[in-house]
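For reference, the structure discussed in these notes is given below.
Structure below.
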């Protein structure tokens, strides 16, 4: 049924007492145009006329030909089906003269808007969703009352960007849908990947959901990364993606709906986020994280962490299972943010340097230029030198004079020194360190297929440069979105076009640059504003025009923004008297009979800086929210009162520069005198205009501009009035009352929650006071104390700790234990934090805190209670609680059905047990407490591990005892030999039944002892134990064969130190030759030579005639014969030693054995030692 209206296009269908209101429309789909049915609302009958009237206005702007096509019908039997058009060139809109145009630009350019309504009531800003069987199933599944998201229809321009296959650059002013495009592009890639891996079309996927085995994933692993600086935006994107998943999977994503409670936002930042970029589980993708979290993950992926230089953070890192949240909290305490720079550093710099400089601009210059620009990469230095920095004042755009730059650089040098002394860092330090590590170390982390970076204006060039290392898909893998007109983030300053330059020079490799510059797509401009009306949009554009004119290289050129809504023009307030405008507004009588005016929750007074905010807040108390422009970034209000912006501006009279632009562009009839613009002298104008732009774009509905004095506002007022962009209103009582908007308690609570999301805790406290919400007021107050304390940390540590404890007590009073714990951790009161975690039954984190506090016994107890057994042993090890750890291990072994946590498999526990026991044993060894050491060694898992440990420490005596206890006599003997105790080795060999080896050992001991008793090596001598050792050798020999016994007896005779005559010595030599006893041969031959030579010397000294024929005299033949034999044996020994030196197999094993026995050594003795000793001793004399 067609509704009665002037256009006649609205239809209504009655369903169970209500009416569905819909219209026909025409859209383009790939290949053709088609009619669609737009459902606008479901209403009671009495509400239908109001909606139809609004639709008449909207459709009244369409051309007649377009309306005819919309109304055309096509029947198939009794069903009306959409009409399709293979080609469609009908203009959609009328132009201002009643003709037709296919573009909205002509409509907006002519100030003829389609709809005049409040933003929140606008029909044109309504998002439509394609209704299908899949959507129907999804809606029917929403029985739990949670919010459901389905993919909505996007504009043609947005669809073109989403479908673009190349790496993209999306530039758009505030409210143009940049984030929406990024999310939809990411989701579209997920769908494409799902189609490729699962093999059915996306329509079928939407109809019946995905049968994937991983409910949290769409298809198999596609590595997509979404990064933004803003935690609130990151949280919202996670929510949106999660809900889109729920839609695709028929309402069951396998993941619970994400709560929007701001109290849980920080906690959720770490949910399902790995510690590093190595081996990321597939269900985590797409990975949506803040930029700070991205840096932390990179830091833990690339070798040694940057934060290891800080002892307190290094202590946390030493906890093998420390949570990401605990690490991040410690890192945040060390970071120098702008607030900390302003409160804790700026007051300590030389006043002569800071007097005429703004701290926010200096902080921006340090982070964006000196430490964060592309210029600083021209050399290996991580920062610009003073000379290089001063040269920048001569480049195309310079925000500071050379003198100002010199002062800033001196401040920078003082800042760096102060930062080192305080043990703090800023993001530029971490980013530069990561760049250095990427150059020096191999990246072992995951490589991303697609990377989406939102709000890029909040990042420096060097920060953006990090993304090139983690994604090699340069051709189509990157999407950057942002708005450089909003670069008022402290520490950031660049144009969007600089990102394209960065991408070309840093991301593309040399060959790619030569091959195809087309890899870089054109920058996509989003110009349709969805948040505010044309009055505000056009005023903001007028500011952008000024920036383009005076500073063409400081902002990216964009087509003017458009809005489908027509709202009232912004208002310049004219206070007829010289009375303070703010006093007049807030001390008048309220519209509800109150004694004073109060602003509502959707209204704000916006001022320049903290000083102006605090001064104004003292004037009006709690009657209105007062925020700085920076505080408002990322927020929107229905009504904004921009107060004293021009009067507090450092430009003062220099605002008259605007007349130069007006004279050139607008042809002033009565030209004003104005100063001549120069970039170096008036560089602050650029910053002021950007501030003004951000202030204007915070408005959704009404904007009032109010100044205490008109003088400085006049140039901008004249400019705006010349363009018919503002209206002037007298500030009287009726106007003041019209400004007032009442808000409910719920409205104030909602605004307070928004303030908490952006961490503006003072404003949040005020909102919750107005909402009369005791819990959230205390929450915000404590959060403000915590934030302030962390900013004061480097300035007054005692005061900072006091504030943290106060905040913790407030959190405890409202039963918010998690936040109280955060405060105690920031105050490094880890014991108190651990106690609270214990109360909350979070035993894992309780153990971590107790460990950091040095309360190792408590840590071990809570870990054991929670069955975190590996952590328990770690705590025992760190606290030297060796006996306690050993008791735990023995207790666990006795529990046959040990209940381990799923993440701690038994194999991991065994490894931890062994590592703990080794550390205990090693500590006891270092304390020279070998009995205690053996207590832990005996609990090792295997005898082999015990042997390895003891051998490594050289504890062969203890190893020998251990082998004896285990009945391994031969192994015990081996250990005794390694410790050099031949007697013990011989006894053990005897017990093992190796009597021949035992006898030989004792005999070898006698041999060595006889040689070296006086330290000379010859001749053989007596020593105290000689008789006992010979007796033992003989006793063991008696248990062997007769032949072996005879050999031992003969050797005992050879080793006797008694003097034998020449005849006996020759008999012994002959016997040794017959028995092949090399020891006997060499000893007998040496004794014979000694005897012969001794007789010869004696004869010579006594003068007796040395007759060869004499009976008792040595014959020449006998001497030569024995000498030749001796010489031959010595030469053989040298050959043997030579083969040992060259590590060749020895052909003379008996000679090798003799050398070892001669020195009292063993197999494996240094070859060079053998050579030296044998050479000297055997040739001596």
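In this note's numbering, the protein residues as written are 662 to 1842. C-beta: ideal position from N, C-alpha, C; glycine also.
Check: For residue 1185, the residue or residues it bridges with in DSSP; Outcome: 831
Check: Integer Cβ distance of residue 1704 from residue 1753, believed to fall under 8 angstroms; Outcome: Actually they do not touch by this definition, with Cβ atoms about 32 angstroms apart.
Check: C-beta contact flag for residue 843 and residue 1219 at 8 angstroms; Outcome: no
Check: Close-in-space but distant-in-sequence residues of the same chain around residue 1625 (CB under 8 angstroms, 5 per side omitted); Outcome: 1633 and 1649
Check: Three-pair Cβ contact test at 8 angstroms for the segment 1015-1033 versus the segment 1118-1130; Outcome: yes
Check: Proximity to residue 974 [Cα-Cα], best of 963, 953 and 996; Outcome: 996
Check: Inter-residue CB distance, residue 1512 and residue 1489 (contact presumed, cutoff 8 angstroms); Outcome: About 13 angstroms separates the two Cβ atoms, so there is no contact after all.
Check: Start-to-end residues for the alpha helix (DSSP H) that takes in residue 1211; Outcome: 1195-1211
Check: Paired residues, beta bridge with residue 1390 - DSSP; Outcome: 1234
Check: As assigned by DSSP and simplified to three states, the class of residue 1294; Outcome: coil
Check: Supposed close pair residue 720, residue 687 - CB separation, criterion 8 angstroms; Outcome: At roughly 12 angstroms, the Cβ-Cβ gap does not stay under 8 angstroms, so residue 720 and residue 687 are not in contact.
Check: Strand pairing of residue 949, partner residues [DSSP]; Outcome: 887
Check: CB contact flag (residue 1395, residue 822, <8 angstroms); Outcome: no
Check: Alpha-carbon spacing of residue 1431 relative to residue 1406, whole angstroms; Outcome: 7 angstroms
Check: For residue 1522 and residue 1541, the rounded distance between their alpha carbons; Outcome: 14 angstroms
Check: Bridge partner(s) assigned by DSSP for residue 1287; Outcome: 1266
Check: Alpha-carbon to alpha-carbon, residue 1652 and residue 1717; Outcome: 27 angstroms
Check: Residue 1582 and residue 1598 closer than 8 angstroms at C-beta; Outcome: yes
Check: Whole-angstrom C-beta distance between residue 754 and residue 694, which should lie under 8 angstroms; Outcome: About 16 angstroms; that fails the 8 angstroms criterion.
Check: Buried versus exposed, by CB contacts within 10 Å (16 or more), residue 1025; Outcome: buried
Check: Inter-residue Cα distance where the pair is residue 675 and residue 723; Outcome: 27 angstroms
Check: Close Cβ partners of residue 1345 (< 7 angstroms) along its chain, the five nearest in sequence each way excluded; Outcome: 1311 and 1312
Check: For residue 675, the three-state DSSP class (helix, strand or coil); Outcome: strand
Check: Pair within 8 angstroms by beta-carbon distance, residue 1543 and residue 1160; Outcome: no
Check: Three-way DSSP call (helix, strand, coil) for residue 1693 in this model; Outcome: helix
Check: Outcome for residue 1769 when other beta-carbon atoms lying within 10 angstroms are tallied against a minimum of 16; Outcome: With a pLDDT of 44 at residue 1769, under the threshold of 50, the predicted position of this residue should be treated as unreliable, though the coordinate-derived value follows. It is exposed - the Cβ of residue 1769 has fewer than 16 other Cβ atoms within 10 Å.
Check: Beta-bridge pairing of residue 690 - partner residues as DSSP gives them; Outcome: 693
Check: Within-8 angstroms CB hit, residue 1544 to chain B; Outcome: Considering every chain present, this structure includes no chain B. It has just one protein chain.
Check: Residue 1365: first and last residue of the uninterrupted beta strand (DSSP E) it sits in; Outcome: 1360-1367
Check: Contained alpha helix (DSSP H) runs [length at least 4] in the segment 955-1017, N- to C-terminal order; Outcome: 972-978, 985-995 and 1012-1015
Check: Residue of 1206, 1224, 1027 and 1227 minimising C-alpha distance to residue 1217; Outcome: 1206
Check: Residue 722 - containing beta strand (DSSP E), residue span; Outcome: Element bounds for residue 722: n/a, residue is neither H nor E.
Check: At least three beta-carbon pairs within less than 8 angstroms, the segment 1076-1089 to the segment 1098-1106; Outcome: no
Check: Residues near residue 1235 in its chain [Cβ-Cβ closer than 6 angstroms; skip 5 each side]; Outcome: 1389 and 1391
Check: Three-way DSSP call (helix, strand, coil) for residue 1112 in this model; Outcome: strand
Check: For residue 702, the residue or residues it bridges with in DSSP; Outcome: 682
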